[in-house]
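For the sequence shown, the residue numbers in my numbering are 758 to 861.
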Amino acid sequence: MEMPTNKFPQDKEYELSLLLKTEGNFKALDNYLDAYIKTALDGFEMPQHIHDALYRELHEDVPVAAERYLKSDAREKDYKFSTYFSWYVSERLNKNSEIKRKTK
């Protein structure tokens with residue numbers, strides 16, 4: 758099951774296939790979420806060092822979130838992993854007082 762380039766989010770089945778590829782500490786899932794993480798961070802103004810730290814922390818959250826998702830009821834419901842992971846993103850962003858949402 759190949760994903761079209763730059764297509765995010767994919768359907769639940771595709772995301773589940775990435776979750777079940779546990780080799781490499783969820784590397785395929787991490788790669789899939791990279792553009793989402795960048796887009797989320799780009800919606801905020803912040804110093805570069807904060808951006809870099811949040812980017813790294815969110816990538817470190819991927820295997821943690823994946824393990825928790827696979828053990829949770831969310832997997833059996835309509836929640837896609839990307840929806841589940843969006844909570845991790847919002848938590849990281851909301852906890853940081855040095856960032857502010859960009860105005861459109």
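The C-beta atom is built at its ideal place from N, Cα and C for all residues, glycine as well.
Flag residue i as yes if its beta-carbon sits less than 9 Å from any beta-carbon of chain C, otherwise no.
i, result
"W844", "The structure shown contains no chain C; it is built from a single protein chain."
Indicate the three-state DSSP secondary structure (helix, strand or coil) for residue i in the structure shown.
i, result
"K795", "helix"
"K859", "coil"
"F801", "strand"
"D787", "helix"
So, at 6 Å on beta carbons, what are the nonlocal neighbours of residue i in its own chain, with the 5 sequence-adjacent residues on each side left out?
i, result
"K857", "E802"
"K778", "A785"
Would residue i pass as a contact of residue j if the rule is Cβ separation under 9 Å?
i, j, result
"H806", "L790", "no"
"R849", "E824", "no"
Let's test the definition: count the other Cβ atoms within 10 Å of the Cβ of residue i and tell me whether it reaches 16, buried, or not, exposed.
i, result
"L786", "buried"
"M758", "Residue confidence is low: M758 scores 46 on pLDDT, short of 50, so the model does not pin down where it sits. Its coordinate-derived value is still stated next. When all chains shown are included, M758 counts as exposed."
"D768", "exposed"
"K859", "exposed"
"A822", "buried"
"D818", "buried"
For residue i, I'd like the list of residues in its chain whose CB is within less than 8 Å of its CB, leaving aside the five on either flank, ordered along the chain.
i, result
"M760", "Note on M760: pLDDT 46, under 50, position unreliable in the model; the coordinate value appears next. Around M760: Q767, Y771 and Y789."
Return yes when at least one heavy atom of the ligand SAM lies under 8 Å from the C-beta of residue i, else no.
i, result
"N853", "This structure lacks the ligand SAM, and indeed carries no ligand of any kind."
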